[in-house]
Each structure stands twice: as structure tokens, then as C-alpha cells.
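These notes concern the structure reproduced below.
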Amino acid sequence: MKLERELMRGAGPTAVLQLLANREMYGYELVEALSKRTDGVLAMGQSTLYPMLYNLEAKGLIEADWRTSDSGRDRKYYRLTGSGRKKLAADRKAWNALAGAMTALGVVSTGVEGSPA
Amino acid sequence: MNADATRNPLAVAWRWSIHYSPIMLAVRGVSERVRRHRHAAAMIARTDLPAPVRERIGQIVRRTRLHATEQVEVARELLAHALDARADAKGENEILASLGDSRAVGRLIRRAVKRKRPLVYQLRRWAMRTLLAAFAVVFVFYLVLATRFYMGSPSIKTDYFAKLNAPIHAMPEGDKAWPVYLDAMMEWSRVEKRLRETSVADPNAEDWTVRGPGVDFLYSVPKHHPDYEATVAALKAYRPTLDRVADATRRPSFGALYSYRTRSVEIEGVGRSTEVTVEPDPDPRDQQPLLFGIMPHLGKSRQIARIFAFDIEVAMDDADADRIVVDTRALLGLSRQLSKEPGLISSLVGVAIYRLAMNRLATVIDETPDLLSHDQLVILSHDIAAGRDSTVTLDFDSERMVFADLLQRTFTDDGHGGGRLTPAGARMISELTEPPIDFGTIPEHGDLWVSRSAGSLVMPIVGATVRGRAEQSRMHAEMIAAAECCVASGPSSISDILEPVQHRLDALDREPMSWYPLAQILPAIANAVNTVFATRSSADATLALLAATAYRQDHARWPTTLDELVPTYLPSVPDDPFAPDSRLRYRLDEDGPTLWYAGPDGDDDDGRRPASDATQKLRRISDVRARYDATAPEHLPDGDWVVFPPED
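Residue numbers (the working numbering), protein chains in the order written: chain A, 101 to 217; chain B, 19 to 666.
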């Protein structure tokens, strides 16, 4: 399942920040992680990822530098900044609240009642 | 760690501000465009990715239209991504799908990378945007202004020429003096021609007082001039004509048409012509402004006055008292007629001729105090007294008409006294201004988009800054009323009335562009009022002098004080306009009497004249206000205004 564009625009940056919260990652790695760990829901191509990364960088939420990997290829590694961590914390709160609200409304399934009709 | 982050932020800002400065951008110009493509393209070409992938990445990078370093950075990252994908066994189509549409991606990346640029760049970008927005607002505002300005046209309804000339048209021909004056001056032209032809004077003489024909110095031909005798003889031969002119000065009106149109009248026997005014166009829309009305008769009047003044000198030498009386009364009559003519300038010429009459009388009494009989002195006193207030005044009614006419030709008319400056008005203002403002070619109504001249672009702004018709009209009316009131009330009202007028004039001077055309019209008024007061004070002193002369004839001595003249010879001793509670001053010594006013410093210097360059200042009665100034300005000249004896 693919998300609507507007939903992706809201969820994508938070998802990227979350991935970078644990360790620094390069572009392709991020794409793969997003695709696999969300079962394709948040899958995005380069056309979406890089503009998003540059925007996050412009806002000072992430930073990056070029390094040569073990395979010998140059890769640009991204990591969270202090501001990025704060933003992620705020986003998580917001998403939790949203998920709670959606659950309460029956939009989000808890796994007990099954999918809403 | 980003390398930039470790540097001094100020140094980074400085480097970026230089990097993105307009000059550096211009210098880099085309070469950078070529270089960035070459660098990014070379990098892409060096990879062994499938050609379609390389081509797509190349397209994306080109469409970002970023700076060279930024393009290289983007290309490097997209390539790294594609290589990782290929290493992860992703197919060509999958990689292409991931790259997306090159146009859309290029635009998204461009926006995002530009956001990453440093604060200096962002500030500059916002400054440019703000500037552009402000320019757009100003431009729209200007367009509205320009459209409104060029749509405006004056509504000329009133024929002020007809109003001014109506009394002249209604007057019987026999009541008009101007035809007699015109004939006399044409004849005088023939006299002048003969005098010039027979002149024995050296045209290159070192002494300018004898240089060239004596007739050129008619106002005061020196007796040692080689042409003096011939000039006097010619003048005496001209006296029958001069008598006709003197008779004409008793007519009710000058009677010259006020117009901007003239026709040439051939002067028989002289080989040149003179100009006389003719009826203006019947439709006021075709007429010139009233302000541009010409008065060739004023020049002729001055010439006539000079001839009479010279005749008084000649009559004095001949001890011809009757002639002196005729000539003096003619001068006073001429000044009376001119004071009734339209326009401040006519009034002022009339006042100047009135003053000339008094100056000549003072000279006659100084040199030959016994020449004029008691009766003649009384006659002249009556004439001077009669003209003191009626002749020595200013024609404010025509001044009002001049301004009303100017407004109807320069402003729109909203029907309620308001209106705004029109293109035609702006053109007229540029002609009024000294030196003329070059507004370029101001387009006629409807030609807004045709004219590209700078003047046309500036005019709407000028139009917007000029005060409205109602405001200018009100200001003019208030100031004319103040000046009129001041003239009626006398010098004592200067500080209460004229000074506020002067302050308003000063205010107009500070923002002349806002007050066109008012600022062009008014400044002469305060000076004109001053001239009236000075001439009236001069008249008062002359009346006292004539009274003292009459007293001398009756008592075989000059009075010791002016009080001796009151009430038999003089109703009262005139006030000194320069010193409150003081009167005209008088002293009798072995050389005869001296009459003087204190002068604007209000200080009696016992009849001592000031330095010659301060003489005019001493007659500026408006300077009397300086007395009320606690700082006591030191610029006022020391000395008195000595009315009698006349200065050599």
C-alpha cells in the first residue's frame, strides 16, 4: 500500500528523522529501510527522498558529510542534529496523539476489534 | 562533520556574501554555466551506469539550474544512490522509476538546495523579493496616478479679460487718456530721432554721463552734456504736445485694453513701429492666461513720466512755476490713472510715478523755495493728499482675477471649488518657473502611452504633490485679504498682518513644488505693500514740506518746529512709521530745514543719512517689525531716512 501524497508529505520527514535517530545513514540505505521496515507503505524514490533530505538539512534538523565506505564508494551520510532530535520528539508526541485519536475514532485498528467496517 | 561548520561563521558569511554578490555573479556569468555542466556531466559520464540512468541523472542535474558546486554535489549523491541500487541488484527500470520525472525532481531539488544556502543569500533573496514587491506596488500606484493625471483637463469657463476690460469698453472715448498718450509718444519718437541724428556727443566718451545722445539720459540729462541745450530746445518745442498729455492726465481713465494680443502701429517718419494691445480672443479657452497679459502702455507711461520730470527741471531753471505745477499735476494724474489699471504691476508703476512727482517737488523747493506761490503750493498739497490713499494703493481685485484665471487654466474643476493639477497646468507652471523647468514634451490628452519623454513620466508625480485647487484658492484669498487689510490699516498693522503673511510666504518658499502656481504669484505682494507704505510716508513728509514752504512765504522764515504748522498749514504732524509714538522729525539750521524719519532701526540719528547702499533698506517699512524682535537684529542699517533735502 502506498500513502497519499499529502500523508506522505507529513509522515515522510518524521520517518526519516526516526531512522536517523539510531544511527547515521546514507540515501540508498534510507530508501531501503523505509521500504522494508514499513512494508512498502513509506517507500519513496530518490525523487522524493533527496528533496526531503535537503529540506531537513536546510532547517538544521540533520547534517551530512561525504565519506568513503568499506566498498570503496563515496556516500553522503546523514545524521540528526540537536534540533533534529527535539523535532523528532515533538513529532512523536504529535503522531502518538494522532494515532490515539484515530484509534479512539475507530480509524486505526487495535487488532482486537478488527478493521472498522 | 561538515567542513563549513568548523569554520568561523563570520568568515563563512563573508565568503558567501562575496560568492553571491551581484558583481561576482556577473563575473562568473556564462563561464560558470559552461563549467558546471561540464563538471557535473563529466562526473556522470565517468560512471558505468546504464546510459538511460546516466542520461536521466544528467537531465535532473541540469534542470536544477543550481550553481556549479551545488550541481556537482547533487550529481554525486544521485550517482552514489544509483550505484548502490545497482549493487543491490536493482534493475535499470527500477532505478529510473526511483529517479522520477527529471523536470519535477529537478525543480524540487533546486528549491530544497536553495533553502540550504547561507543566511546572507537568504537575506539577499528576501530583500530582492521585498524590493520587487515594493516596486510593483509603487508601479501600480504610479500607473493609477498617471492615468488620473493625464485624464484631467481644465474647465475654462470665465472670460476674465472681458471682465477686466468691461469698464474700458463702457467708457466714452473722450474719457480715455491712452489714445492721446500713444499719439504723443509717437511724436516724441520723431523728436528723439532728430536729437540722435543731430547729437554732437561722443559715443565713446570716457565719462558715461556725457556719452552718446543726451536724449538717452532724459531722466536726468546733465547740464554739461554737449546735447543739453539741443535737448531742452526740443523739449520746449514739444510742449504743446506735452500740454495735451497733461490735459489727458485729468481724464477719468487710462483706458488701455488689457490683452495678450498686440498689433504694430507704424511710427511715421521714424521707420519703426510700436505695439498696442488689441481685443483678446472671444472664447476664454483660446485665450492666454490673464497673468500673461502684456501692458506695452506701462513702458510708454514711464517714458511720459520721464519727460515731465525733465520738463520740471527745465522749468525750474526758467523759474517757470506754472510749468512746474502743470508737470507735477500731470505726473500725479498719470499715477492716478495707472492705479486704476488692472494688475499689481500697473499699481506699482503708478506709485513709482507718484513718488517721482514728490521727489521733483522736493528738488524744486530745495533749490528755489520761493518759486512756487502760496496758491500753487496749496493746489499741489491738495493733489498729493488726494492721491495719498486712493492712488498709492494696490489693485487686489485684478490680482484675485489673475489667480482665479490661472487656477481655471491649470486645475480640473469638480464643481465645488476643488480640483487637481492638469497636464496643461503643469506645462504652464513650467513656463512660469524661473528658470523654466524642463518637463520634456508633455503629451496632450490621450497621448499618455505615446510619449516616452522623461518629463511625461515625472509629471504625474509632480501633479500628485501639488496642493489642490481649493487649498491654493483658500490660501491665496487669505493672503490677499491680509495684504489688503494691511494696506487699509497702515504701517502699524505690519506686525499683526503683514508679518503673518510673510511667514506664510516663507512656508511656501520651503515647499514651492507643492504650492505651484501660488508660490509663483505671491512673493511680490509683501514687497508691494511695503512700497505703498514707504510712498505714503514720503507723501506725508512732502505735504509737511509744502506746508513749511507756504509758512515761509507767509512769515518770511522757516518754522522752527513742525508744530507751528498745525493746524493752519498742516492738519497734524505725520507719524513716524518706524518709531511708535514718534512723529516726522524736523530740524532748522542755517542751511534750511531737514525732515526725516527714524528708519527701521527706530533710532533717531538726528537726520544723518546712512551709507548709500543702505538707502533702500531704510525705506523698507516692513523692517519695522524687527523692533519687536528681542534679538534686535544688527543687519538693520544705522542712520535715518532723510526726506528733505533731497540727496545729491
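For glycine and all other residues, C-beta sits at the position ideal for the given N, C-alpha and C.
Applying the 10 Å Cβ sphere with the 16-neighbour rule, what's the burial state of residue i?
i                         : result
serine 282 of chain B     : exposed
glutamine 305 of chain B  : buried
serine 510 of chain B     : exposed
glycine 206 of chain A    : exposed
serine 365 of chain B     : buried
threonine 649 of chain B  : Here threonine 649 of chain B scores only 49 on pLDDT, less than 50, and its place in the model should not be relied on; the value that follows carries that caveat. Exposed is the call here.
valine 155 of chain B     : exposed
lysine 187 of chain A     : buried
aspartate 465 of chain B  : Low local confidence applies: a pLDDT of 44 at aspartate 465 of chain B is under 50, so the model's placement there is unreliable, with the coordinate-based value given in what follows. That one is exposed.
alanine 568 of chain B    : buried
tryptophan 206 of chain B : buried
lysine 193 of chain A     : exposed
proline 585 of chain B    : exposed
aspartate 245 of chain B  : buried
glutamine 146 of chain A  : buried
asparagine 20 of chain B  : Low confidence applies here, because asparagine 20 of chain B scores a pLDDT of 44, under 50, leaving its location unreliable and the question unanswered by this model.
glutamine 89 of chain B   : buried
histidine 463 of chain B  : Unreliable placement is indicated for histidine 463 of chain B, whose pLDDT of 45 sits below 50; the coordinate value is still reported in the next sentence. Per the 10 Å Cβ criterion, exposed.
glutamine 355 of chain B  : buried
lysine 194 of chain B     : buried
serine 408 of chain B     : exposed
So which residues of chain B does residue i contact, with C-beta pairs closer than 8 angstroms?
i                        : result
aspartate 174 of chain A : Arg94, Ala98
glycine 145 of chain A   : Ala115, Ser116, Leu117, Gly118
Kindly list, in the order they appear in chain A, the residues whose Cβ is closer than 7 angstroms to that of residue i.
i                      : result
alanine 103 of chain B : Tyr128
Of the residues the options, which one's Cα is nearest the Cα of residue i?
i                         : options                                : result
proline 314 of chain B    : B:Asp336, B:Phe328, B:Ser291, B:Asp301 : B:Ser291
glycine 230 of chain B    : B:Arg214, B:Tyr237, B:Val294           : B:Arg214
proline 240 of chain B    : B:Ala252, B:Thr227, B:Ala337, B:Leu636 : B:Thr227
alanine 566 of chain B    : B:Thr579, B:Ser491, B:Ser556, B:Ser555 : B:Thr579
threonine 165 of chain B  : B:Tyr615, B:Arg147, B:Arg438           : B:Arg438
arginine 94 of chain B    : B:Glu110, B:Asp301, B:His57            : B:His57
serine 600 of chain B     : B:Ala151, B:Ala616, B:Asp609, B:Glu517 : B:Ala616
serine 556 of chain B     : B:Asp299, B:Ile515, B:Arg406           : B:Arg406
glutamine 634 of chain B  : B:Asp623, B:Asp624, B:Pro618, B:Asp622 : B:Pro618
alanine 202 of chain B    : B:Lys181, B:Tyr256, B:Leu182, B:Leu149 : B:Tyr256
glycine 184 of chain A    : A:Tyr150, A:Ser135, A:Leu156, A:Met144 : A:Leu156
glutamate 293 of chain B  : B:Gly287, B:Thr280, B:Leu379           : B:Thr280
methionine 144 of chain A : A:Arg179, A:Met202, A:Glu124, A:Ala111 : A:Ala111
arginine 268 of chain B   : B:Glu582, B:Trp196, B:Asp301, B:Leu253 : B:Trp196
proline 190 of chain B    : B:Phe272, B:Leu379, B:Ser319           : B:Phe272
Leaving out five residues before and five after residue i in sequence, what residues of the same chain have Cβ atoms less than 7 angstroms from its Cβ?
i                            : result
aspartate 558 of chain B     : Pro592, Leu602
phenylalanine 551 of chain B : Pro509, Pro595, Ile639
threonine 259 of chain B     : Ala202, Glu205
serine 532 of chain B        : Thr483, Val484, Arg485
proline 298 of chain B       : Phe179, Ser277, Tyr278, Arg279, Gln305
Report yes if the CB atom of residue i is closer than 8 angstroms to the CB atom of residue j, and no otherwise.
i                        : j                         : result
alanine 100 of chain B   : valine 79 of chain B      : no
valine 198 of chain B    : valine 263 of chain B     : yes
proline 535 of chain B   : isoleucine 447 of chain B : yes
threonine 225 of chain A : tryptophan 195 of chain A : Lying outside 101 to 217, the shown extent of chain A, residue 225 of chain A is not represented and no answer is given.
arginine 18 of chain B   : aspartate 658 of chain B  : Lying outside 19 to 666, the shown extent of chain B, residue 18 of chain B is not represented and no answer is given.
alanine 98 of chain B    : aspartate 174 of chain A  : yes
leucine 352 of chain B   : isoleucine 322 of chain B : yes
glycine 311 of chain B   : tyrosine 278 of chain B   : yes
leucine 613 of chain B   : alanine 562 of chain B    : yes
valine 116 of chain A    : leucine 107 of chain A    : no
valine 519 of chain B    : alanine 501 of chain B    : yes
proline 655 of chain B   : alanine 629 of chain B    : yes
leucine 398 of chain B   : leucine 564 of chain B    : yes
threonine 430 of chain B : proline 172 of chain B    : yes
isoleucine 75 of chain B : tyrosine 154 of chain A   : no
aspartate 301 of chain B : proline 664 of chain B    : no
Could you work out which residues of chain A lie near residue i, taking near to mean beta carbons separated by less than 9 angstroms?
i                       : result
arginine 133 of chain B : Tyr154, Asn155, Glu157, Ala158, Lys159
What residues in its chain sit with their C-beta under 8 angstroms from that of residue i, if we drop five residues either side in the sequence?
i                        : result
glutamate 132 of chain A : none
proline 454 of chain B   : Low local confidence applies: a pLDDT of 46 at proline 454 of chain B is under 50, so the model's placement there is unreliable, and no value is given.
Strictly below 9 angstroms CB to CB, what residues from chain B border residue i?
i                       : result
tyrosine 150 of chain A : Val92, Glu95, Leu96, His99, Val123, Leu126, Ile127, Ala130
Once the 5 residues before and after residue i are set aside, which same chain residues still bring their CB inside 6 angstroms of it?
i                            : result
glutamine 77 of chain B      : Ser120
glutamate 213 of chain A     : In this predicted model, glutamate 213 of chain A has a pLDDT of only 49, less than 50, meaning its place in the structure is not dependable; the value taken from the coordinates is given anyway. Correct list: empty, nothing qualifies.
phenylalanine 326 of chain B : Asp345, Ala348, Leu349
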